[in-house]
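Read the structure below first, then the notes.
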Amino acid sequence: MDHSSNGIGNDESELYHAQLHLYKHIYSFISSMALKSAVELGIADVIHNHGKPMTLTELASSLKLHPSKINVLYRFMRLLTHNGLFAKTTAIKKKTGGDQEEEEETTYALTPPSKLLVRGASTCLASLAGGVAVIQVAMDADSQMFKLALKDCKHVFEGLESLVDVGGGTGVVAKLIHEVFPDIKYTVLDQPQVVGNLTGNKYLNFVGGDMFKSIPQADAVLLKWVLHDWNDELCLKILKNSKEAISGKGKDGKVIIIDMSIDETSDDRDLTELQLNFDMVMLTLFNGKEREKKEWEKLIYDAGFSSYKITPIWGFKSLIEVYP
Ligand SMILES: C[S@@+](CC[C@H](N)C(=O)[O-])C[C@H]1O[C@@H](n2cnc3c(N)ncnc32)[C@H](O)[C@@H]1O
């Protein structure tokens, strides 16, 4: 019998924590759904456009909610606030009744995560948080985040005359790198249905093609968020074609991969959980995978490269430099 101060025995305490842990994971989808609903309702946009934190009544009125729903909105905002999407602040208002007395009123403000949900901002992830159905829009939104990360991986682009962005979508990333490296000639290779109607310019060329067949020649190949879509066999094809594409540059060519590298032993359990969740998404949507360091190493050496270097760059992604 345990006589600890809370009166709960060790076994009971363990059981209690076990139950809590299980329930947390069983119901965590509700937090995802709440975030999705917040994006659909445009709560972050409403608060942003208001220009200052909003009371519940102001929020309900902007969202055109019936007054009877205000308590539901309160509970909804309570969950989102607990999850760090909004922050509670206070405003002073005159008491109703005419005298000079004042009282405090709760208001809701944006937090750094919900600032990323404001539509029209340069780094807006609303389409990502709103669901995975709009993949191209979501990819473009995520690529905007790359702008911030570019300063951490500038060195890999230095000295390049040409770069082919394989699976480069609508060229968002190529355009961002161009802002920092205006002298590089960029080629964006993607499927004909993605780039067919896009026109390039003197520094950017769109090529409709198939990375499993061939990749245009360049000093370097960029594979950003591409390899995690594919199984090892298909990744090997892409990597071998990438090696061929940089062969004209001899030992100075390189392949630049931006993807996740899972480290299960990391102290950052939230980061690892996010990466492992992504792995399940890749598995179920594309039969793809998020890889651990040893899996990257095997792929890279099997494709015939001689060395590589993995550096975590921003959030949950890593820069993987691969050399012939
Ligand atoms: C996950 S998205 C990555 C987009 C971009 N690299 C980024 O980070 O925003 C994968 C891209 O690969 C392209 N893709 C798929 N199959 C392809 C193929 N066989 N050849 C070339 N591109 C392909 C898709 O059209 C899509 O744009």
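In our numbering, each residue's number is its place in the sequence shown (first place is 1) plus 743.
All C-beta atoms, glycine included, are put in the ideal place defined by N, C-alpha and C.
When every heavy atom of ligand 1 is checked, does at least one fall within less than 7 Å of the C-beta of residue i?
| i | result |
| --- | --- |
| Ser886 | yes |
| Leu1072 | With the chain represented from 744 up to 1067, any question about residue 1072 goes unanswered, as that position is not in the structure. |
| Val899 | no |
| Met954 | yes |
| Lys890 | no |
| Val964 | no |
| Leu932 | yes |
| Trp968 | yes |
| Val950 | no |
| Val915 | yes |
With respect to 7 Å, is the separation between the Cβ of residue i and the closest non-hydrogen atom of ligand 3 below this value?
| i | result |
| --- | --- |
| Asp975 | Annotation note on ligand 3: not contained in the displayed structure, which lists ligand 1 as its ligands. |
Just reading off the alpha helix (DSSP H) that residue i is part of, what are its end residues?
| i | result |
| --- | --- |
| Ser780 | Asn753 to Leu784 |
| Asp1013 | Arg1012 to Phe1029 |
| Lys1041 | Lys1036 to Asp1045 |
| Ser1061 | Here Ser1061 belongs to no alpha helix (DSSP H); instead the beta strand (DSSP E) covers Lys1060 to Tyr1066. |
| Leu871 | Ala869 to Ala872 |
| Ala917 | Val915 to Val923 |
| Ile981 | Asp975 to Ala988 |
| Pro856 | Pro855 to Lys858 |
Would you give the residue range spanned by the beta strand (DSSP E) that residue i belongs to?
| i | result |
| --- | --- |
| Trp1057 | Ser1050 to Trp1057 |
| Thr833 | Phe829 to Lys837 |
| Asp908 | Ser905 to Val909 |
| Val964 | Ala963 to Lys967 |
Under 8 Å, do residue i and residue j count as touching if we go by C-beta distance?
| i | j | result |
| --- | --- | --- |
| Val861 | His793 | no |
| Ile958 | Asn974 | no |
| Ala781 | Leu823 | yes |
| Trp1083 | Leu891 | Coverage of the chain is limited to positions 744 through 1067, which leaves residue 1083 absent and any answer about it impossible. |
| Leu893 | Val909 | no |
| Val916 | Lys967 | yes |
| Lys831 | Thr849 | yes |
| Val964 | Ile989 | yes |
| Phe914 | Leu941 | A small correction: the amino acid at residue 914 is Gly; Phe does not occupy that position in the sequence shown. Result yes, Cβ atoms of Gly914 and Leu941 sit closer than 8 Å. |
| Glu844 | Ile835 | no |
| Lys986 | Phe1048 | yes |
| Phe1029 | Asp962 | no |
| Phe829 | Ala852 | yes |
Who pairs with residue i in a beta bridge, going by DSSP?
| i | result |
| --- | --- |
| Asp933 | Gly951 |
| Thr798 | Thr850 |
| Arg818 | Looking at the DSSP assignment, Arg818 forms no beta bridge with any residue, so it has no partner. |
| Ser1004 | Arg1034 |
| Lys928 | Ser905 |
| Glu845 | Lys837 |
| Val998 | Val964 and Val1065 |
Is any beta-carbon of chain C found at less than 8 Å from that of residue i?
| i | result |
| --- | --- |
| Gln934 | Structure shown: chain C not included; a single protein chain is present. |
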